[in-house]
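K.L.:
Mapping of the sequence shown onto UniProt numbering: position 363 corresponds to residue 363, and the numbering continues sequentially without gaps.
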Amino acid sequence: EEGNSDGGIVVEDCLLLLQNLLKNNNSNQNFFKEGSYIQRMKPWFEVGDDNCGWSAQKVTNLHLMLQLVRVLVSPTNPPGATSSCQKAMFHCGLLQQLCTILMATGVPADILTETINTVSEVIRGCQMNQDYFASVNAPSNPPRPAIVVLLMSMVNERQPFVLRCAVLYCFQCFLYKNQKGQGEIVSTLLPSTIDGNSVSAGQLLCGGLFSTDSLSNWCAAVALAHALQENATLKEQLLRVQLATSIGNPPVSLLQQCTNILSQGSKVQTRVGLLMLLCTWLSNCSIAVTHFLHNPANVPFLTGQIAENLGEEEQLVQGLCALLLGISIYYNDNSLENYRKEKLKQLIEKRIGRENFIEKLGFISKHELYSRAAQKPQPSFSSPDHMMFDHEFTKLVKELEGVISKAIYKSSEEDKKEEEVKKTLEQHDNIVTHYKKVIREQDRELEELKQQINTLKSQNEQLQTTVTQQVSQIQQHKDQYNLLKVQLGKDTQHHNSHSDTFQMNGIQTEEVSKLREELEEWKSKHELLQGQLREKDSVIETLVSA
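1. Out of curiosity, what's the CA-to-CA distance linking A138 and L150?
2. Which first and last residues belong to the alpha helix (DSSP H) in which R354 is found?
3. Distance check for S200 and Q242, CA to CA, integer angstroms please.
4. When you compare each of Q182, G181, Q203 and Y176 to L189 by their alpha carbons, which one comes out closest?
5. Over the uninterrupted alpha helix (DSSP H) stretch that includes E46, give me the two end residues.
6. Let's test the definition: count the other Cβ atoms within 10 Å of the Cβ of C52 and tell me whether it reaches 16, buried, or not, exposed.
7. Assuming L456 and V539 make a contact with CB atoms under 8 Å, what is their CB distance in whole Å?
8. Along the alpha helix (DSSP H) that carries K406, what are the first and last residues, could you check?
9. Please name the residue, chosen from M89, L449 and L361, that lies closest to L302 on a Cα-to-Cα basis.
10. Looking at the secondary structure, which residues open and close the alpha helix (DSSP H) in which V162 lies?
11. With DSSP collapsed to three states, give me the class of V252.
12. List the residues that DSSP assigns as beta-bridge partners of P145.
13. So, is Q127 buried or exposed, given that buried needs 16 or more other C-beta atoms within 10 angstroms?
14. Given 8 Å as the limit, is there contact between the region 277-289 and the region 323-338, that is, 3 or more CB pairs closer than that?
15. Can you name, in chain order, every residue of its own chain whose Cβ lies under 6 Å from the Cβ of Q315, other than the five neighbours on each side?
16. Could you tell me the alpha carbon to alpha carbon distance between I116 and N25, rounded to whole angstroms?
17. Tell me the DSSP secondary structure of Q378 in three-state form.
18. Taking the CB atoms as reference points, tell me whether V71 and M41 lie closer together than 8 Å.
19. If you draw a straight line from the C-alpha of Q462 to the C-alpha of L519, how long is it?
20. Quick one: is T105 buried, meaning 16 or more other Cβ sit within 10 Å of its Cβ, or exposed?
21. Using the three-state DSSP reduction, which class does L234 fall into: helix, strand or coil?
22. Does the region 376-384 touch the region 296-310, meaning 3 or more C-beta pairs lie closer than 8 Å?
23. Mind the definition here: the region 338-352 touches the region 379-399 only if three or more C-beta pairs lie below 8 Å; say whether that holds.
24. Taking DSSP's pairing of strands, which residues face Q242 in a bridge?
25. Is the region 218-238 touching the region 173-192 in the sense that three or more CB pairs, one from each, lie closer than 8 Å?
26. Label A109 either buried or exposed according to how many other C-beta atoms from any shown protein chain fall within 10 Å of its C-beta, with 16 as the threshold for buried.
27. Return the chain-ordered ranges of every alpha helix (DSSP H) run that is complete within the region 1-68 and spans a minimum of 4 residues.
28. Name the two residues that bound the continuous alpha helix (DSSP H) containing T212.
29. Is the region 426-443 touching the region 342-358 in the sense that three or more CB pairs, one from each, lie closer than 8 Å?
30. Taking L112 as the reference, give the member of K366, F45, E521 and G35 with the closest Cα.
31. Would you call the CB atoms of L16 and L95 closer than 8 Å?
32. When the distance is taken between beta carbons, is L224 closer than 8 Å to L205?
33. Going along the chain, which residues of its own chain have a beta-carbon closer than 7 Å to the beta-carbon of E2, five neighbours each way excluded?
34. Alpha carbon to alpha carbon, what distance is there between Q257 and I247?
35. I need the straight-line Cα distance from F502 to L488, nearest angstrom please.
36. Rounded C-beta distance between N295 and T259? I'm assuming under 8 Å.
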């Protein structure tokens, strides 16, 4: 009634009240969703073509409206509640409306930033919404995917810091639990799919990764790490990516270029970003570990970094170098003779010392910025200098810190035993997989047999009905025959010949013969059907016992 986003202070107060009623209150959120109130939010976000000269009140109102959407799909809500709200927002066209604002011209910067954050949480972990977002194009000529346009802003150092953080969050949410989206992003980096006529997400990320702006380096590294998150296939595929460095020089792999920049002593923010990318890439991927160790410069660089006693700012880099070296030991398949697990552990003992290594590894989780990043998925930094840790990466550190510490202290005999256990478990898994396959096959056969039994039962019932009808007809004929016998039997005491009797009663011999033939025919039919029934019963018995 007050005019939605164009309204005054009454609209603002209503929105604030709604927000207070819904925030962190599952029952109220559920009531709001079940009452179809999400659908009634769609008109709030209808903006025109001309978005210049918005009043301060309109900006405030829209900001609160966007925050209200975020309250309903917050990553801190129960997953089921968030998921049902996300689906409702897609089906009523609210997500589509938000994407229109995202691609509109003249929208104030702070509203655009909050819209990006809102779209992020509406699509996070929801395949249907992520697929829709992947299909959104910017109204440019030629049209470009919204993802590409947003990434352009992320790796552009002239864009506001909060906007770049929002775009990174949007990209992370698009890839969260979205293997299809991850594959599409990585494919834009692979040699066979590069299109020279248009800029792709992969090219923008590579450009950001190796630009002179440390913030672009960090954002691109974290974005690429999210494209590899929990996806061993893509980690292997990314090893194929080759980069042209300069004219006349052979191309180098993306993995190698990352380690080259790392060793050149770039800014701390750049090195932290690259180390997070490398740790994500190598974790749970033995082939990537082998590729990394194959370069003879990598291990000496890491041990050199960890062994030094550097200032507080460098301690973070030292901790991440220790993590990367630990991953190279823990996920090592011993395929390179010079870099087998045991040899790398001896190197740590000799060059760094085990206790010193574990202490440096602990620098990561003790860092204040690590604790802050671990709290929530959205990248939220008070200043660009504080942009060091990514939320998903903190989960990886938590998962690996303990197992790497144990792996460093394990003897070669324990390693061998562990390998044997792993092989035994793999064999067990293979046996289980085989039996699962056999059981599925047997289930399929059983289902077919059940269908056959049902078919035979139905045929059996039909035959039973036919036999019953035949028996009834035979009985009728018997009755007719007996009636004739009664009619003819009046003089049987004096006459033994039926033919004489028939002649005496005026009944033709042919008629009786005909009835006898019919009776014999019905009897033979009856016997035939009884035989078929016995056969069917036998088949059913066999199938049931099988």
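Note that beta-carbon positions come from the ideal geometry of N, C-alpha and C, so glycine has one too.
P.N.:
From the atom records:
1. Taking the sequence shown and counting its residues from 1, the one referred to as residue 138 is at position 138. Taking the sequence shown and counting its residues from 1, the one referred to as residue 150 is at position 150. Rounded to the nearest angstrom, the two C-alpha atoms are 10 Å apart.
2. The residue labelled residue 354 in the question sits at position 354 within the sequence shown. That run of the alpha helix (DSSP H) goes R354 to L361.
3. For the purposes of this step, residue 242 is taken as the residue at position 242 of the sequence shown. For the purposes of this step, residue 200 is taken as the residue at position 200 of the sequence shown. Spanning the two alpha carbons is a distance of roughly 16 Å.
4. If you number the sequence shown from 1, residue 189 lands on position 189. Out of Q182, G181, Q203 and Y176, Q203 has the C-alpha closest to the C-alpha of L189.
5. As a working mapping, residue 46 is identified with position 46 in the sequence shown. Neither: E46 is in no alpha helix (DSSP H) and is coded neither H nor E.
6. The sequence position of residue 52 within the sequence shown is 52, counting from 1. Result: exposed.
7. Mapped onto the sequence shown, residue 456 falls at position 456. Mapped onto the sequence shown, residue 539 falls at position 539. Contact holds; Cβ gap of about 6 Å.
8. Along the sequence shown, read from residue 1 onward, the residue named residue 406 stands at position 406. Note, K406: alpha helix (DSSP H), H391 to Y409.
9. Here residue 302 corresponds to residue number 302 of the sequence shown, with the count starting at 1. Ranking the options by Cα distance to L302, first place goes to L361.
10. Position 162 of the sequence shown, counting from 1, holds the residue named residue 162. Its alpha helix (DSSP H) spans residues F161 to L175.
11. Residue numbering aside, residue 252 sits at position 252 when the sequence shown is read from its first letter. Of the three classes helix, strand and coil, the one that applies to V252 here is strand, per DSSP.
12. One-based indexing of the sequence shown puts residue 145 at position 145. P145 is bridged to N137.
13. Position 127 of the sequence shown, counted from the first residue, corresponds to residue 127. Classification for Q127: exposed.
14. yes
15. By one-based count along the sequence shown, residue 315 stands at place 315. F363.
16. Counting from one through the sequence shown, the residue named residue 116 turns up at place 116. Counting from one through the sequence shown, the residue named residue 25 turns up at place 25. So the two alpha carbons sit approximately 24 Å from each other.
17. Taking the first residue of the sequence shown as 1, we reach residue 378 at position 378. Q378 falls in the coil class under three-state DSSP.
18. Sequence index remark: in the sequence shown, residue 71 carries index 71 (1-based). Sequence index remark: in the sequence shown, residue 41 carries index 41 (1-based). The answer is no: Cβ separation not under 8 Å.
19. In the sequence shown, the residue the question calls residue 462 occupies position 462. In the sequence shown, the residue the question calls residue 519 occupies position 519. Cα-Cα distance, rounded: 23 Å.
20. Reading the sequence shown from its first residue, position 105 is the one you call residue 105. That one is exposed.
21. Residue 234 sits at position 234 when you count from the first residue of the sequence shown. L234 falls in the helix class under three-state DSSP.
22. no
23. no
24. Walking along the sequence shown from the start, residue 242 turns up at place 242. BP columns for Q242 point to S253.
25. yes
26. Sequence index remark: in the sequence shown, residue 109 carries index 109 (1-based). Per the 10 Å Cβ criterion, exposed.
27. 9-22 and 26-34
28. Taking the first residue of the sequence shown as 1, we reach residue 212 at position 212. Here T212 belongs to no alpha helix (DSSP H), and DSSP marks it neither H nor E.
29. no
30. As a working note, residue 112 is residue 112 in the sequence shown. Minimum Cα distance to L112 is reached at F45.
31. Along the sequence shown, read from residue 1 onward, the residue named residue 16 stands at position 16. Along the sequence shown, read from residue 1 onward, the residue named residue 95 stands at position 95. No, the Cβ-Cβ distance between L16 and L95 is not below 8 Å.
32. Numbered from its first residue, the sequence shown carries residue 205 at position 205. Numbered from its first residue, the sequence shown carries residue 224 at position 224. Yes, the Cβ-Cβ distance between L205 and L224 is below 8 Å.
33. For the purposes of this step, residue 2 is taken as the residue at position 2 of the sequence shown. Excluding sequence neighbours, E2 sits near G8, V10 and V11.
34. As a working mapping, residue 247 is identified with position 247 in the sequence shown. As a working mapping, residue 257 is identified with position 257 in the sequence shown. Rounded to the nearest angstrom, the two C-alpha atoms are 16 Å apart.
35. Position 502 of the sequence shown holds residue 502. Position 488 of the sequence shown holds residue 488. Here F502 scores only 45 on pLDDT, less than 50, and its place in the model should not be relied on; the value that follows carries that caveat. Between F502 and L488, the C-alpha separation is close to 7 Å.
36. The sequence position of residue 295 within the sequence shown is 295, counting from 1. The sequence position of residue 259 within the sequence shown is 259, counting from 1. About 7 Å; that satisfies the 8 Å criterion.
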